[in-house]
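Scroll down for the structure; my scribbles are underneath it.
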Amino acid sequence: MTHTTLSIRRLARGTALLAVLPLAAACSGGSTPTATSTPVASAVTSTTTPTTTTTTTTSTMSTTTAPAAGDLAAYCATLKTSWAELQTLTGNIGDREGLPKALTLLNRIETAAPAEVKPAWGDFIGSIETTASGGAKALTAAMPRMESAGTKIESHARTACGIDLGS
């Protein structure tokens, strides 16, 4: 049994599949699935008095808080744990269900990233989002930016955190 690990380049290739999914669906006459976000819990409360009615709606979303930007040890820890979680998604990153999970993890890493690598994470995530929503032309346009950001991220992870994100 061969176990492959996720690398920045593999992640970029996986998201590139998203550019061709809409094209394949259009050719087959099917429809492209859409991602949805669902609140974890919501409640509606109504209060009626003789002269007024007040309705209050509250929602809670499941969120994960990343460490404040600039804390290198916290960034490295977030990078290590989030990258390990991304490893479990490797078969699903190129589909519409796996992408939101991957983006959540990547955004968690970006939030924790120190100033010297934060722009690279922003470029990398932005490229993935552009590719996912823009098709083949967007993929072609985004790849140089995605590869450049990936190279910076890999280098920084290796030198600052001692983490090898693969090649």
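In numbering that gives the first Met the number 0, the protein residues as written are 0 to 166.
Backbone N, C-alpha and C define an ideal beta-carbon position, used for all residues, glycine too.
Which of helix, strand or coil does DSSP assign to residue i?
{"i": "Ala-111", "result": "helix"}
{"i": "Gly-161", "result": "coil"}
{"i": "Leu-88", "result": "coil"}
{"i": "Ser-61", "result": "Reliability of the predicted coordinates at Ser-61 is poor, the pLDDT of 36 falling under 50, and no value is obtained from them."}
For residue i versus residue j, is the C-beta distance shorter than 9 Å?
{"i": "Ala-131", "j": "Trp-120", "result": "no"}
{"i": "Thr-129", "j": "Ala-114", "result": "no"}
{"i": "Leu-78", "j": "Ala-156", "result": "yes"}
{"i": "Glu-109", "j": "Lys-117", "result": "yes"}
{"i": "Ile-7", "j": "Leu-164", "result": "yes"}
{"i": "Ile-162", "j": "Met-145", "result": "no"}
{"i": "Cys-75", "j": "Ala-135", "result": "no"}
Which residue comes first and which comes last in the alpha helix (DSSP H) that contains residue i?
{"i": "Asp-122", "result": "117 to 155"}
If you compare alpha carbons, which of the options is closest to residue i?
{"i": "Pro-143", "options": "His-155, Thr-103, Gly-125, Ile-162", "result": "Gly-125"}
{"i": "Leu-102", "options": "Ala-114, Leu-138, Ser-81, Gly-161", "result": "Ser-81"}
{"i": "Leu-85", "options": "Gly-97, Ala-76, Gly-133", "result": "Gly-97"}
{"i": "Glu-210", "options": "Leu-88, Phe-123, Arg-107", "result": "Since the displayed the chain opens at 0 and closes at 166, residue 210 lies outside it and no answer follows."}
{"i": "Ala-83", "options": "Asp-70, Leu-71, Arg-107", "result": "Arg-107"}
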